[in-house]
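K.L.:
Following this message is one structure expressed as structure tokens.
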Amino acid sequence: MPSPVTAYDGSTGDAPARTRPGILRAPFTVRTWTDTIHLVLNLPVGIVGFTYAVVFIALGIGLTPLFLLGLPLIALTLLGSRAFGRMERARASALLDEHVRAPAPREHRPGWTGWIRAGLTDRTGWRASLYLFLQLPWGVFTFVVTTVLWATSLSAITYPLTQPLYRRADMPGALLSGDGPNEPGVDHYLAGPGLVSLTVAAGVVLFFATPWLVRGMANVDRVMVRGLLGPAFLSEQVRDLTVSRGAAVDTAASDLRRIERDLHDGAQARLVALAMDLGMAKENLNASQDTETARMVSSAHDEVKLALQELRDLARGIHPAVLTDRGLDAALSSIAARCTVPVRVEVDLPERPPAPIESVAYFCASELLTNVSKHARATHAWVTVGHENGRMYLIVADDGAGGAATGKGSGLAGLTERVRGVDGTLSVDSPEGGPTRVTVWLPL
Numbered sequence: 001m002p003s004p005v006t007a008y009d010g011s012t013g014d015a016p017a018r019t020r021p022g023i024l025r026a027p028f029t030v031r032t033w034t035d036t037i038h039l040v041l042n043l044p045v046g047i048v049g050f051t052y053a054v055v056f057i058a059l060g061i062g063l064t065p066l067f068l069l070g071l072p073l074i075a076l077t078l079l080g081s082r083a084f085g086r087m088e089r090a091r092a093s094a095l096l097d098e099h100v101r102a103p104a105p106r107e108h109r110p111g112w113t114g115w116i117r118a119g120l121t122d123r124t125g126w127r128a129s130l131y132l133f134l135q136l137p138w139g140v141f142t143f144v145v146t147t148v149l150w151a152t153s154l155s156a157i158t159y160p161l162t163q164p165l166y167r168r169a170d171m172p173g174a175l176l177s178g179d180g181p182n183e184p185g186v187d188h189y190l191a192g193p194g195l196v197s198l199t200v201a202a203g204v205v206l207f208f209a210t211p212w213l214v215r216g217m218a219n220v221d222r223v224m225v226r227g228l229l230g231p232a233f234l235s236e237q238v239r240d241l242t243v244s245r246g247a248a249v250d251t252a253a254s255d256l257r258r259i260e261r262d263l264h265d266g267a268q269a270r271l272v273a274l275a276m277d278l279g280m281a282k283e284n285l286n287a288s289q290d291t292e293t294a295r296m297v298s299s300a301h302d303e304v305k306l307a308l309q310e311l312r313d314l315a316r317g318i319h320p321a322v323l324t325d326r327g328l329d330a331a332l333s334s335i336a337a338r339c340t341v342p343v344r345v346e347v348d349l350p351e352r353p354p355a356p357i358e359s360v361a362y363f364c365a366s367e368l369l370t371n372v373s374k375h376a377r378a379t380h381a382w383v384t385v386g387h388e389n390g391r392m393y394l395i396v397a398d399d400g401a402g403g404a405a406t407g408k409g410s411g412l413a414g415l416t417e418r419v420r421g422v423d424g425t426l427s428v429d430s431p432e433g434g435p436t437r438v439t440v441w442l443p444l
């Protein structure tokens with residue numbers, strides 16, 4: 001039976017279910033008064049947010065014709081709108097019990113112009129600015145309606161207690177119409193047992209109805225926070241897919257390390273012991289002059305050593321032990337030592353990368369140095385690893401003939417797919433005649 005389709009609401013889904021209190025308990029619940037506080041605070045928040053968004057965006061638009069000076073201001077304003085969005089999500093979480101996930105971080109683009117372009121195309125910043133723009137009229141409405149509802153209901157309920165104050169001013173009660181006792185004309189006052197009782201009854205009804213009106217306005221606030229300050233639906237899907245893919249990559253890397261460890265501790269250790277036994281048997285047979293048996297044992301010894309070497313190469317191809325034990329620097333140095341071209345390795349990382357990222361970097365460097373040995377006709381190669389803005393880069397360069405193929409079916413195409421599997425990028429600069437430079441960016 002297919003599962004029912006549920007609409008995405010932008011919340012985390014881990015908040016406790018909201019219960020509906022009874023009519024008689026509604027004015028006395030914590031939720032009613034936290035909703036009330038939130039609605040009253042909408043006005044000052046709306047004034048500050050509306051002023052910020054409108055003034056600076058308008059100023060940026062006005063300065064744009066003047067050598068595009070307004071564009072950086074608009075980008076900076078949208079960044080500030082994101083900060084307002086964080087504060088509003090925190091306010092909604094504290095007062096409305098509405099826990100909304102933060103949207104994805106703003107896209108990182110290198111350079112000053114890249115920063116401006118990323119800011120101007122930041123949909124989250126624009127949605128937050130729209131929220132600030134709408135918050136002022138909505139804040140005026142919620143402030144006025146909320147305060148009037150509570151003030152009217154409470155003043156009506158307590159009217160029998162306040163009516164004597166009017167009598168001290170020579171008035172029988174609250175003035176409903178007219179110009180007052182000191183002016184000529186007909187005045188109508190809220191006085192007499194019937195009107196006073198009706199006023200109290202109306203106040204009681206309004207007092208118990210106000211929490212539901214407050215709750216309705218608070219629900220509008222919840223919708224605004226979810227829709228304008230939370231992650232977009234597609235962004236949330238991308239985030240979930242990224243998390244699930246990261247989990248799959250971590251699991252695959254863990255399985256490869258386990259297979260390599262099992263090969264190293266199991267089959268490889270047994271083959272080493274067998275090779276040692278055959279080596280001692282061969283020495284004993286050579287001493288006994290049994291040439292035919294010695295030849296057969298020697299052949300078996302050579303085959304075991306060959307199988308052992310192939311098993312080591314297989315284990316290294318699955319996941320090298322040196323990478324697990326000593327890290328990326330030592331693993332890259334071991335690749336460079338086996339390369340037929342002199343290779344200079346430089347690694348500058350503040351800490352060890354995550355295992356999946358480390359593994360991808362290792363195999364990229366291994367494949368690229370293999371290409372250098374086989375195809376580049378180079379005399380020197382360089383491997384550089386560093387970090388910048390929370391990302392790790394791997395650069396493999398050589399002084400060879402260039403012209404590296406990047407089309408479908410090539411080794412570089414396979415590396416590109418491997419790198420994309422962990423949200424990385426691979427770029428190739430290899431003109432005919434060389435040199436070749438391959439740059440891999442990986443997240444940390």
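Per our numbering, residue 1 is the first one in the sequence shown, and the count goes up by one each step. No residue lacks a Cβ here, since even glycine has one placed at the ideal position from N, Cα and C.
#1: Checking 8 Å against the spacing of the C-beta atoms, do Ala397 and Pro435 come in under that value?
#2: Gly22: which of Val422, Phe208, Ser333 and Pro354 sits nearest, CA to CA?
#3: Does the segment 209-218 come into contact with the segment 139-159, if we say contact requires no fewer than three beta-carbon pairs (one atom in each stretch) closer than 8 Å?
#4: Where does Ala90 fall in DSSP's three states?
#5: What is the DSSP secondary structure of Arg352, reduced to helix, strand or coil?
#6: Starting from Gly386, follow the beta strand (DSSP E) in both directions and report where the run begins and ends.
#7: Between Tyr362 and Leu229, how many whole angstroms is the CB-CB distance? I'm expecting something under 8 Å.
#8: Suppose the cutoff is 8 Å on Cβ atoms and the five residues either side in sequence are ignored; what does the same chain contact list for Arg89 look like?
#9: Can you give, in chain order, each stretch of the alpha helix (DSSP H) that sits fully within the segment 63-123 and has at least 4 residues?
#10: Going along the chain, which residues of its own chain have a beta-carbon closer than 7 Å to the beta-carbon of Asn389, five neighbours each way excluded?
#11: May I have the straight-line CA-CA distance separating Leu195 from Ser155, to the nearest angstrom?
#12: To the nearest angstrom, how far is the alpha carbon of Gly327 from that of Leu96?
#13: What is the residue span of the beta strand (DSSP E) that Ala397 lies within?
#14: Return yes when the Cβ of Val45 is within less than 8 Å of the Cβ of Gln135, no when it is not.
#15: Does DSSP classify Pro443 as helix, strand or coil?
#16: Our contact map puts Ala331 next to Pro320 with C-beta atoms below 8 Å; I'd like the distance itself, whole angstroms only.
#17: From Leu66 to Glu417, what does the alpha carbon distance come to, in whole angstroms?
#18: So, helix, strand or coil for Ser430, using DSSP?
#19: Grouping DSSP H, G and I as helix and E and B as strand, with all else coil, what is Thr425?
#20: Work out the CA separation of Leu71 and Ile116 for me, nearest whole Å.
P.N.:
With the given structure in hand:
#1: With a cutoff of 8 Å on beta-carbon distance, Ala397 and Pro435 are scored as near each other.
#2: Comparing C-alpha distances from Gly22 to each of Val422, Phe208, Ser333 and Pro354 shows the shortest one belongs to Phe208.
#3: Yes, since at least three Cβ pairs between the segment 209-218 and the segment 139-159 fall closer than 8 Å, the two stretches touch.
#4: Helix at Ala90.
#5: Three-state result, Arg352: coil.
#6: Bounds of the beta strand (DSSP E) holding Gly386 are Ala381 to Glu388.
#7: Contact annotation, Tyr362 with Leu229: C-beta distance approximately 41 Å; criterion of less than 8 Å not satisfied.
#8: For Arg89, where only same-chain residues beyond five positions count, the Cβ hits under 8 Å are Val100, Ala102, Val225, Leu229 and Gly230.
#9: Counting only runs of at least 4 residues, the segment 63-123 fully encloses the following alpha helix (DSSP H) elements, listed from N- to C-terminal order: 70-95 and 112-120.
#10: These residues qualify, in order along the chain: His108.
#11: Straight-line measurement puts the Cα of Ser155 at about 14 Å from the Cα of Leu195.
#12: Distance between the alpha carbons of Gly327 and Leu96: 48 Å.
#13: It spans Arg391 to Asp398 - the beta strand (DSSP E) in which Ala397 sits, taken as one unbroken run.
#14: It is a contact, given that the beta carbons lie within the stated cut-off.
#15: If DSSP states are grouped into helix, strand and coil, Pro443 belongs with the strands.
#16: 6 Å between Cβ atoms; contact.
#17: Those two C-alpha atoms are separated by around 45 Å.
#18: In the structure shown, Ser430 sits in coil (DSSP, three-state: anything other than H, G, I, E or B).
#19: Strand at Thr425.
#20: Pairing Ile116 with Leu71, the inter-Cα distance amounts to about 7 Å.
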